[in-house]
Each structure stands twice: as C-alpha cells, then as structure tokens.
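**Q** Structure below; questions to follow.
Chains as they are written, first to last, in the numbering used here: chain A, 152 to 610; chain B, 7 to 323.
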C-alpha cells in the first residue's frame, strides 16, 4: 500500500473508530484451526483470550481454562482475523427505519466484522463537524463493532462547495466521500485533492458519469436490451476513474475507488497504479458473485444496486483483479432499504443491497468452494479494508486485542430464514443456501456476536 | 396459461391456439349480435398508468363482448395520484375479486409483480419499454390474415426500437412464427445487444425492397430533448416510409398512434398496402381470445379441458 507520509493522520487526531464499552471477553477456544494469512499463521491451536486480549496461542491440547472461563471446543472450526469493511451505509441520521448504528453494527458482527466505516450520504448528509461528533457519541452508546465515519467532500453532497475538511478531520472524520453520487465537477475534485494534502483523509469515490448513466437502472447489455430497462454503460464508471486518477496523480492526492464493477474500470485502475497514483479500490461480494443475468427476474430487492451487476466477462475480470492485487479489498457497500422502497417496479426502486451478514459465506460458497478463489485470499481481502484509511488490519497473535471470528466452514444455512440482524431484508442472496457460517465475533476484545444456536461449555 | 406477461413465455403452439380462437371471435364480431356469455358474472379490471386509447378501449370492449363486468381505472383522477403504491392499489382492487387484471404501467416488470400479489390472471398491456404481448399477437394475427403464414417472410421494424416495447414483443413473436426480422433506425435508437435476438440491424432504408412487411414505430417527439436524433426533419428524410420508398407488393403496419409526415407518409397510411386499420380490428378479436384463454382455462390442463366454442347470446348452446 502506498502511504504518503503527509496523509497519515497527524498527532492529536481522535481514534478513528468508536465502539460502546462492554465487558472484555475471556475464553479458551480449543483445537481450533487458525488462519491468518498476513501473519503467516495456518495451523491448529489452543487460543486463550483474557481481558479482551489474546493471552496465549499454543499447541493444540496444551492449554487449561482458568476458573469459570468459558471453553469453546473449536475442533472442526476456523478462526480468522476479524474482517474490516470500509464501505457501509448505516442510515443514521435520518433514515433509521432502514438501519441505525445498533442494528448496523450487529449486522456487521454477524458477518465476522470487527470494524466498519460508515458512509456520509445520510439525511442530512454528514457535512458538519457537529454531525461527526454526534455520530461518534451515538456510536459510543450503540455500536457493538467499532465504527468510523466519513464526512462528505462537498457540502450537502451538492457538488458545489468543499466541506470544512480540516475541522472534520479534527473531530474524527476518517476520510471523505460523496458516495451515492459522483463528484461531477472536476474543479471541485481537484480542490478537494489539493486540500487533502493538508488535512489527510483518503477520498473515497463513487465513480460514475451522471450523463452517461442518466436514467439507467441496470448494466447496459443484452439483458437490459431484452428487458427494455435503460442501461448504465460500463464506460460511465471508467471515464470518471480515469479522470480522477489523472487529477489525483497531478495533485499527489490519495483516492479509494469504491465498488469497481467493470473490465474498463479495472484497466483504468491498473494504469493509474502503474503510473504511481495513490489509488486503491474495492469490489463488492455481489459483483464478484452475480451478473446481469440475475436481473432477468427484475427483483429490485436483491438485484438493483449502483453500480449495477455487469456481465460474466466483467465478473471474471474482477476475480482476476482480486487475485493479482489490482483490487485491494472486498467491501460490501451494505445498503439497507425498507421493503416498501424495494417492492415496487424495478426501475422505480431504490438502489442498494445488504451484504454484511453474508459477505464471507457468499463468496466462500460461490468462489472458494468452486475453486475460483483461495480461502487465504478471501480472508485476506475481507480483512485489509482499513488500509486505505491507515487503519491496521487485525491479527491473531499473542498479545494483540481479540479481533477475530469463529467460523464453521461446514455449516449450511438459508439466508433470511431466521431473519436478519440488519433492520432491512434486501439481501442480494436472500433465500439462497450458503455454506459456512460465522458463529462468533470478537471485536476490540468484546464478544460482539454469537450465533443464537451456538452453544458453549463452561469449564 | 394463467397470465399473459411476455411473448417469450409462449411457444408457437400456444400462439397458434390463441390465434385460432381469435378467428372464431373475429367471426362473432361480424355478426349482428356481437356478444357471447362466456365470462358472465366475472370481473375484468383494466388498470392504466399511462394514457392509451386503442389498447384500453380494445380490452374493455373485448371483456364486455365476453359479458364480463368491467372496472376501468386510469392513473389520473384516482388515488394513484395521491401517492398510493402500486401494491396498495392492486390489493384494493382485488377486493372486487376480479378474474383478470389488465395493466399498463410505465415500468418494466410491473405486470409480473402483480402476479405475486393477486390471484387474478394478469394481462400485460404494456410495461415500460419491456413488453406489449397483446400487440404482438394481434400483429401476427393481422399478418396471417393477409399473408396466410409468416414463414420465411422478411419483416423490417423501422424507427425508435430503443424505447419500444412493441418492437421487443414483435421481434420475438415474428421470429417465433418463422419470419426473418430486420430492425432499422439511427444507431442512437437501436439498443445495444439487439443482435442477440437473431435480428439483423440496418441504419438505412436503402435495401427496404427486401421487406415483405414494413412495421413502423412511432417517433416520439419527447425524445428530441435527449438528442436521440438531431432533428425530426432529418429523421423524416432518412427514415420516413412513404410511397416513393415503398414497392407495390409491400405491406405497412404501425401500432399507432401515427405521426403523419414523420415516420410515415400520409399517402401510405390511406393506401391499400396499409394494414393499420386491420390491426385495430384484429385487436378486439385477439384480446377476446386472450381473456377467453386465460379465464376459461387458467390452471387447467389444456389437453384434458374441453372449452366450449363461443356461442353468441340468443343462440342455443
């Protein structure tokens, strides 16, 4: 990862992530397979957590639980470093009927996440320092998983004036984004990148040319032609990536391209990286797993999002780009919407799908089990999403805070059958049978999630 | 067949059956007493979220000729204007226990959504730019009446294919019935990927003489604001089908309403080559056949069921 020393948050900036306080976890997980690709750990261990930290990680069968310590038989289960999602929508403030910090972080925890970054396109958008302070305060009361907040690049996401970026950074804005909308005006884009050299804070970009996308609800191609649904051409995304990469390169700015969807976009990022631009990018689970063929059912709840699901050629290219490192991380773009916003004709429905609870299981089922992606790479790419914002990845090692998830790779479950932790049900894989299930998540030393049916034994 | 949503859900045999049924209804409409008691006591709701003259009147009259009770709901002046959702509106109308709901809606897939909410048969009378299956069926019916069969015929669909649900339904229906379809228009009005349907794409009328049938689409003036064509004048010069461009044995069709002097010359509309009036007449018989098929056979096995032939009121059954 490129790291411009200037853009590393300076002294005195608040901690990027906020979580509610709670009891620290203590437990012994026995005979569990630990896989931490970044740390080079892949083996069976006994793992002890005391006061929220990993106190011992020793040969399987060698550790004894202390008095009253919970013991989990980990035989046949896996522990991964907890995941980090740099791109979620928690809808607070203003649209709490879709999601709030409590349900959103619960949803994250259920997916094995121990850190998330919330986007700023709330109602109203997060454009003022007081908004960031209020959100961080609320998170300190409600968030079961540490959450960081981005502020908007332009006031009210109107694309006209920059926000008070320096002050927003001082009160804890992790970065900047007008996500949901592109920054249409290249002059504003340039000013934001100039200012960033002083304030730090990566700018996360929803790349789309509004003129090329105008009126589109799905990928432009054979499927949209047959359905008579106006399409969004792939180049709508890539032309903006190329533009902003050029400006970022010129100004020495640092950008994260969100939710890459198309071959042309990958090429644009690849070129920019080769040119030394400080550019990183994300891909979503749904773009890795689905194509526009899925849209034939015109089910907006599962298949309408922006950017849209694209062709098989695009999907294969995204998988390849994840393998070769062009794509830096997997981010869900978790975008909850109420049923009445989705149970309308496709073209009239809101864009976005939820993804936190199913990110690992969906990709494991569709790509890892099919041989398209190694398990190590999936764990790695779900875990490294904080890097673009200078947030260190979690590690499963002695002495580190417990940020880990316990996963049963052999479990099968039907998405949505037992409801969701999220307040919304617009999961892109609703009704599907998935292999592998997160049983428990420890976030920042606390038990953030435990599957209800997952029983435990006490020593 | 429970619903009529899209042409690609039908096979050739089902289309043949529908068209044969339509033949017998066409015969009924030529009688003095044009009404049959088939759907007596059943309710047909027409729900139109877009303005329509011929499709709505055609379905309403078809239902009445079959002795159904008809409730017609237009988007303007109803609670639809007050922001009621499609689902709520449809569930309210369901309280009348309709046997069929005929819906036109500005968005693709609206008709299919209804099938998840109501028990009635749903007829798609146009959903966005997606499908308009009854139009395609009446067009096939009209052409068969004139040509006998579509097998091996060259049909050119000319004009704004991009925004046309009629084009999407008709390409499928014409192809299924054995015709060879060419679409023709400026590149801005031909949707990307249309070759996948098996049709040929042309951007000029130079080879129009290859066509046995020229099917014209309405050029919508409101598209001008989006720069799909530089000017109506130039469009007409390049793509208007008129008597100078048309050979004597070629047939002309148009789903209406026509823009005289834009996509079609006035001289052609009123010529003997024009099937435009026949299309409207056919529409009634075909829509009677659609309602008949859906409401008398819905859910039954068409092989074992024995539907009666339509008998005019006043004659012994």
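All residues carry an ideal CB built from backbone N, CA and C; glycine is no exception.
Owing to the predicted nature of the structure, the values given are computational and were not obtained by experimental measurement.
For the candidate residues B/222, B/25 and B/30, whose alpha-carbon lies nearest to that of residue 140 of chain B?
**A** Against the second chain, residue 140 of chain B aligns to sequence position 134. Across the set B/222, B/25 and B/30, the C-alpha of B/25 shows the shortest separation from the C-alpha of residue 140 of chain B.
**Q** Below 8 Å CB to CB, which residues in the same chain sit around residue 498 of chain A once its five sequence neighbours on both sides are set aside?
**A** Here residue 498 of chain A refers to the residue found at position 347 when the first chain is read from its first residue. Cβ neighbours of residue 498 of chain A beyond the five flanking positions: 368, 380 and 381.
**Q** Where does residue 10 of chain B fall in DSSP's three states?
**A** Here residue 10 of chain B refers to the residue found at position 4 of the second chain. Strand, per DSSP.
**Q** Measure the CB-CB distance between residue 478 of chain A and residue 411 of chain A and report whether it falls below 8 Å.
**A** Counting from one through the first chain, the residue named residue 478 of chain A turns up at place 327. Counting from one through the first chain, the residue named residue 411 of chain A turns up at place 260. In contact: residue 478 of chain A and residue 411 of chain A (Cβ atoms closer than 8 Å).
**Q** By Cβ distance, which residues of its chain are closer than 6 Å to residue 421 of chain A, with the 5 residues on each side in sequence left out?
**A** As a position in the first chain, residue 421 of chain A is number 270, starting the count at 1. So the qualifying residues of the chain are 477.
**Q** What residues in the stretch 363-376 of chain A bring their beta carbon closer than 7 Å to a beta carbon of chain B?
**A** 371, 372, 373 and 376
**Q** Check whether the Cβ of residue 199 of chain A lies closer than 8 Å to any Cβ atom in chain B.
**A** Locating residue 199 of chain A in the first chain gives position 48, where the first residue counts as 1. No, no contact with chain B.
**Q** Ignoring anything shorter than 3 residues or poking outside the stretch 9-92 of chain B, list the beta strand (DSSP E) runs there in chain order.
**A** Here the runs fully enclosed are 49-54 and 75-80.
**Q** So residue 327 of chain B contacts chain A; which residues on that side make the cut at Cβ distance below 8 Å?
**A** The first residue shown for chain B is 7 and the last is 323, placing residue 327 of chain B beyond what the model contains.
**Q** Figure out for me which residue from A/436, A/503 and A/328 has the closest Cα to the Cα of residue 309 of chain A.
**A** Residue 309 of chain A sits at position 158 when you count from the first residue of the first chain. Of the candidates A/436, A/503 and A/328, the one whose C-alpha sits nearest the C-alpha of residue 309 of chain A is A/328.
**Q** From this set, A/177, A/501 and A/485, which residue's C-alpha is nearest residue 491 of chain A's C-alpha?
**A** As a working mapping, residue 491 of chain A is identified with position 340 in the first chain. The shortest Cα separation from residue 491 of chain A among A/177, A/501 and A/485 belongs to A/501.
**Q** Could you check if residue 259 of chain B is buried or exposed, using at least 16 other CB atoms within 10 Å of its CB as the buried criterion?
**A** Position 253 of the second chain, counting from 1, holds the residue named residue 259 of chain B. By the 10 Å Cβ count, residue 259 of chain B comes out buried.
**Q** Can you tell me where the alpha helix (DSSP H) with residue 564 of chain A in it begins and where it stops?
**A** Here residue 564 of chain A refers to the residue found at position 413 of the first chain. Residue 564 of chain A -> not in any alpha helix (DSSP H); beta strand (DSSP E) instead, spanning 555-565.
**Q** Kindly indicate which three-state DSSP category residue 578 of chain A falls into: helix, strand or coil?
**A** Stepping through the first chain from its first residue, residue 578 of chain A is reached at position 427. In the structure shown, residue 578 of chain A sits in a strand (DSSP, three-state: E or B).
**Q** Using beta carbons (cut-off 8 Å, strictly below), is residue 361 of chain A in contact with chain B?
**A** By 1-based counting over the first chain, the position of residue 361 of chain A is 210. Taking Cβ atoms only, chain B never reaches closer than 8 Å to residue 361 of chain A, which makes this a no.
**Q** For residue 179 of chain A, tell me which candidate among A/192, A/163 and A/230 has the shortest Cα-Cα distance.
**A** For the purposes of this step, residue 179 of chain A is taken as the residue at position 28 of the first chain. Ranking the options by Cα distance to residue 179 of chain A, first place goes to A/230.
**Q** Any C-beta of chain A within less than 7 Å: which residues of the stretch 154-179 of chain B qualify?
**A** 171 and 174
**Q** Residues of chain A with CB closer than 8 Å to the CB of residue 192 of chain B, please, in chain order.
**A** In the second chain, counting from the first residue as 1, residue 192 of chain B sits at position 186. The premise fails here: residue 192 of chain B is roughly 16 Å from chain A at the closest Cβ pair, so nothing lies under 8 Å.
**Q** Where DSSP assigns a beta bridge to residue 597 of chain A, which residues make up the other side?
**A** Position 446 of the first chain holds residue 597 of chain A. Answer is A/594.
**Q** With distances taken from CA atoms, which of A/603, A/440, A/596 and A/256 is nearest residue 199 of chain A?
**A** In the first chain, counting from the first residue as 1, residue 199 of chain A sits at position 48. Answer by Cα proximity: A/596.
**Q** Would you mind listing the beta strand (DSSP E) stretches within the stretch 397-428 of chain A that are 3+ residues and don't spill past its ends, in chain order?
**A** 405-408
**Q** Can you list, in chain order, the residues of the stretch 93-118 of chain B whose Cβ is nearer than 9 Å to any Cβ on chain A?
**A** 93, 111, 112, 113, 114, 115, 116 and 118
**Q** Would you kindly work out how many angstroms separate the C-alpha atoms of residue 253 of chain B and residue 274 of chain B, rounded to a whole number?
**A** For this step, residue 253 of chain B is matched to residue 247 along the second chain. For this step, residue 274 of chain B is matched to residue 268 along the second chain. In a straight line, the C-alpha of residue 253 of chain B is about 11 Å away from that of residue 274 of chain B.
**Q** According to DSSP, is residue 432 of chain A helix, strand or coil?
**A** Position 281 of the first chain, counted from the start, is the residue given in the question as residue 432 of chain A. In this structure, residue 432 of chain A counts as strand in the three-state DSSP scheme.
**Q** Taking Cβ-Cβ distances shorter than 9 Å, what residues in chain A pair up with residue 198 of chain B?
**A** Position 192 of the second chain, counted from the first residue, corresponds to residue 198 of chain B. Result: 371, 372, 373, 375, 376, 382 and 384.
**Q** Quick check on DSSP: helix, strand or coil for residue 455 of chain A?
**A** Here residue 455 of chain A refers to the residue found at position 304 when the first chain is read from its first residue. Coil, per DSSP.
**Q** Under the rule that 16 or more other beta-carbon atoms within 10 Å means buried, what is residue 340 of chain A, buried or exposed?
**A** Along the first chain, one-based indexing puts residue 340 of chain A at 189. Residue 340 of chain A is buried by the Cβ-count criterion.
**Q** Taking 8 Å as the CB-CB cut-off, is residue 9 of chain B touching chain A?
**A** Within the second chain, residue 9 of chain B is the residue found at index 3, counting from 1. Taking Cβ atoms only, chain A never reaches closer than 8 Å to residue 9 of chain B, which makes this a no.
**Q** Flag residue 91 of chain B as yes if its beta-carbon sits less than 8 Å from any beta-carbon of chain A, otherwise no.
**A** Position 85 of the second chain, counting from 1, holds the residue named residue 91 of chain B. Yes, residue 91 of chain B counts as interfacial toward chain A.
**Q** Do residue 234 of chain B and residue 290 of chain B come within 8 Å of each other at the CB atom, strictly closer than that value?
**A** Taking the first residue of the second chain as 1, we reach residue 290 of chain B at position 284. Taking the first residue of the second chain as 1, we reach residue 234 of chain B at position 228. Contact flag unset, no.
**Q** Which residue marks the beginning of the beta strand (DSSP E) containing residue 221 of chain B, and which one marks its end?
**A** The residue you call residue 221 of chain B lines up with position 215 of the second chain. Segment 219-222, the beta strand (DSSP E) holding residue 221 of chain B.
**Q** Can you name, in chain order, every residue of its own chain whose Cβ lies under 7 Å from the Cβ of residue 320 of chain A, other than the five neighbours on each side?
**A** On the first chain, residue 320 of chain A is found 169 positions in, with the first residue counted as 1. 164, 350, 351 and 352.
**Q** Short of 6 Å in beta carbon distance, which residues of its chain neighbour residue 241 of chain A, apart from the five on each side in sequence? Order them along the chain.
**A** One-based indexing of the first chain puts residue 241 of chain A at position 90. Taken in chain order, the residues that qualify are 250, 252, 255 and 269.
**Q** According to DSSP, residue 511 of chain A sits in a beta bridge with which residue or residues?
**A** As a first step, residue 511 of chain A must be located in the first chain, where it is residue number 360. Looking at the DSSP assignment, residue 511 of chain A forms no beta bridge with any residue, so it has no partner.
**Q** Is residue 287 of chain A buried or exposed, if buried means 16 or more other CB atoms sit within 10 Å of its CB?
**A** As a position in the first chain, residue 287 of chain A is number 136, starting the count at 1. By the 10 Å Cβ count, residue 287 of chain A comes out buried.
**Q** Assuming contact is defined by CB atoms lying nearer than 8 Å, are residue 176 of chain A and residue 593 of chain A in contact in what I supplied?
**A** One-based indexing of the first chain puts residue 176 of chain A at position 25. One-based indexing of the first chain puts residue 593 of chain A at position 442. The answer is yes: Cβ separation under 8 Å.
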